[in-house]
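Structure record follows, encoded as structure tokens.
Residue numbers (our numbering): 75 to 342.
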């Protein structure tokens, strides 16, 4: 088993240390484990997102916390040589912060980089408490999806990322705000996005966190996984998007079954 989307306790919304996750992975027979703490440096969301936990203190995302992260990764690699430990990161993409993101990323030897869209115009699309504001700004589903995919396209064209995380995350609360039609409309946009990813040699993840949501499906959905295969993307990563030790590996077997069914290889 492999899990490439794990949030250790650096993120404010996560608990559990790197060593704890590695020990649990070994106990469960995992071959590989990949860590992806959040990197969110949007000035528009500075008061909400620009925080990381480091040695029992809260510091800025723009501080040197990643130096400590890589030191911890190296210690874990030396202590547990029988399991492959990857150092990744999940980067919230913001067009206006692209050069700052590029500068941060270049400073560190990441094994892989997950690009993600977590907010539109400074409003989170992944936090329920911001749903009302999201609906006020995007009363129409087409405007909402158009904005999401415009930003996603820019993220792909930036050449910052090796993979796109939870590519249809727009549905997380989009179902609640706009209903089932968001799925069909989103797929139309992906008809141009997925070939662009193939051209750029950017893959995506099968993220099983969606199976913990009311709609009970992976990111991306089965329909999109079929599209992924049709455009010629043959290798993906898989992740549980774990933020707590108790959720480690959630629904990964389901994700593995999907990759087997659609003949997708798993790995970096």
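By construction, the Cβ of each residue, glycine as well, lies at the ideal position given by its N, Cα and C atoms.
If you're wondering where the values come from, they're calculated on a predicted model, not measured in any experiment.
**OP:** Starting from residue 299, trace the beta strand (DSSP E) both ways and give me its first and last residue.
**Re:** Careful: residue 299 lies outside any beta strand (DSSP E), inside the alpha helix (DSSP H) at 296-305.
Original post:
Between the beta-carbon of residue 312 and the beta-carbon of residue 276, is there less than 8 Å?
Top reply: Going by beta carbons, residue 312 and residue 276 fall outside the 8 Å limit.
Subject >> Neighbourhood of residue 200 by C-beta, 7 Å cutoff - its chain only, sequence neighbours within 5 removed >> reply: Closer than 7 Å at the Cβ level, and outside the excluded window around residue 200, lie 192, 243, 246.
**OP:** Identify every run of the alpha helix (DSSP H) within the stretch 208-279, keeping only runs that are complete inside it and at least 4 residues long; order them along the chain.
**Re:** Counting whole runs of 4 or more residues, the stretch 208-279 contains the alpha helix (DSSP H) stretches 215-231, 245-252, 255-274.
Subject >> Residues near residue 264 in its chain [Cβ-Cβ closer than 7 Å; skip 5 each side] >> reply: Non-local C-beta neighbours of residue 264 in its own chain, meaning closer than 7 Å and more than five positions away in sequence, comprise 298, 301, ordered along the chain.
**OP:** State yes or no: is the C-beta of residue 106 within less than 8 Å of the C-beta of residue 157?
**Re:** Their beta carbons are under 8 Å apart, which means residue 106 touches residue 157 by this criterion.
**OP:** List the residues that DSSP assigns as beta-bridge partners of residue 109.
**Re:** According to DSSP, residue 109 bridges with 80, 161.
Original post:
According to the Cβ coordinates, are residue 165 and residue 187 closer than 8 Å?
Top reply: Going by C-beta atoms, residue 165 is nearer than 8 Å to residue 187.
**OP:** Express the C-alpha separation of residue 90 and residue 318 in angstroms, rounding to a whole number.
**Re:** Using only the alpha carbons, I get a separation of about 6 Å.
Original post:
For residue 86 versus residue 127, is the C-beta distance shorter than 8 Å?
Top reply: Yes. Within cutoff.
**OP:** Kindly identify the DSSP beta-bridge partner or partners of residue 193.
**Re:** Residue 193 is bridged by DSSP to 198.
**OP:** In the DSSP assignment, find the beta strand (DSSP E) that holds residue 309 and state where it starts and stops.
**Re:** Element bounds for residue 309: 309-313.
Subject >> residue 133 versus residue 325 - alpha carbon distance >> reply: Looking at the two C-alpha atoms, the distance is approximately 33 Å.
Subject >> Cβ-Cβ distance between residue 76 and residue 340 below 8 Å >> reply: Yes; because the gap between Cβ atoms is below 8 Å, this pair is in contact.
**OP:** Below 8 Å CB to CB, which residues in the same chain sit around residue 233 once its five sequence neighbours on both sides are set aside?
**Re:** 274, listed in sequence order.
**OP:** Identify which residue in 112, 271, 250 has its Cα closest to the Cα of residue 227.
**Re:** Measuring from the Cα of residue 227, the nearest candidate turns out to be 271.
**OP:** Could you tell me whether the stretch 109-117 touches the stretch 160-175, where touching means 3 or more Cβ pairs closer than 8 Å?
**Re:** The stretch 109-117, when compared against the stretch 160-175, does touch it at the 8 Å Cβ threshold.
Subject >> Where residue 333 falls: helix, strand or coil (DSSP) >> reply: The answer is helix: DSSP assigns residue 333 an H, G or I state.
Subject >> Length of the line joining the Cα atoms of residue 269 and residue 289 >> reply: When rounded, the distance between both Cα atoms is 27 Å.
**OP:** Alpha carbon to alpha carbon, how far is residue 152 from residue 248? Give it in angstroms, no decimals.
**Re:** Those two C-alpha atoms are separated by around 43 Å.
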